[in-house]
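Visitor: The structure that follows is given in the form of structure tokens.
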Amino acid sequence: MKHFVFAAALALAAAPALADGHFADGTITKIDRQWNKLTIDHGPLANLDMPAMKMVFEVSDSVAIDDLAEGDRISFAADRVNGKLTVVEMAK
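Shown next, in the form of structure tokens:
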């Protein structure tokens, strides 16, 4: 159990570092606060080998979306979390 807790702590500590350098610019086109999702028209996401497109992302619990509005321009990092494309960091 100690090894699991240690590994989990390392993974959480490394997450922001992994996302660093993987930011893309985008425009929020829809906000689903009930399900904590954003639709973003975004540029390429190099870390995911994804071209520019418009798509829905889950949002990590560590990312606040309360002050966002449709049409806001953001810079964000996304990654696969539990198999789902998820916004893990964001700046307005």
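Residues -19 to -1, 1 to 73 (mature numbering (1 follows the signal peptide of the UniProt record, and there is no 0)) make up the sequence shown, in order. Here a beta-carbon is modelled for each residue, glycine too, at the ideal position from N, C-alpha and C. Small disclaimer: the values here were computed from a predicted structure and weren't measured.
1) Just verifying my parser: in three-state terms, what is the DSSP assignment at Ala50?
2) Classify Gly7: buried if its beta carbon has 16 or more other beta carbons within 10 angstroms, exposed otherwise.
3) Over what stretch of residues does the beta strand (DSSP E) that includes Asp42 continue unbroken?
4) Please classify Leu66: does DSSP put it in a helix, a strand, or coil?
5) For Met34, which of Asp60, Gly24, Arg54, Lys73 has the nearest alpha-carbon?
Guide: With the structure as the only source:
1) By 1-based counting over the sequence shown, the position of residue 50 is 69. In the three-state scheme derived from DSSP, where H, G and I count as helix and E and B as strand, Ala50 is classed as coil.
2) Locating residue 7 in the sequence shown gives position 26, where the first residue counts as 1. Burial call: buried.
3) Counting from one through the sequence shown, the residue named residue 42 turns up at place 61. Run containing Asp42: none; DSSP gives neither H nor E here.
4) Here residue 66 is taken as the residue at index 85 of the sequence shown, counted from 1. Note: Leu66 maps to strand in three-state DSSP.
5) As a first step, residue 34 must be located in the sequence shown, where it is residue number 53. That would be Gly24, whose Cα lies nearest to the Cα of Met34.
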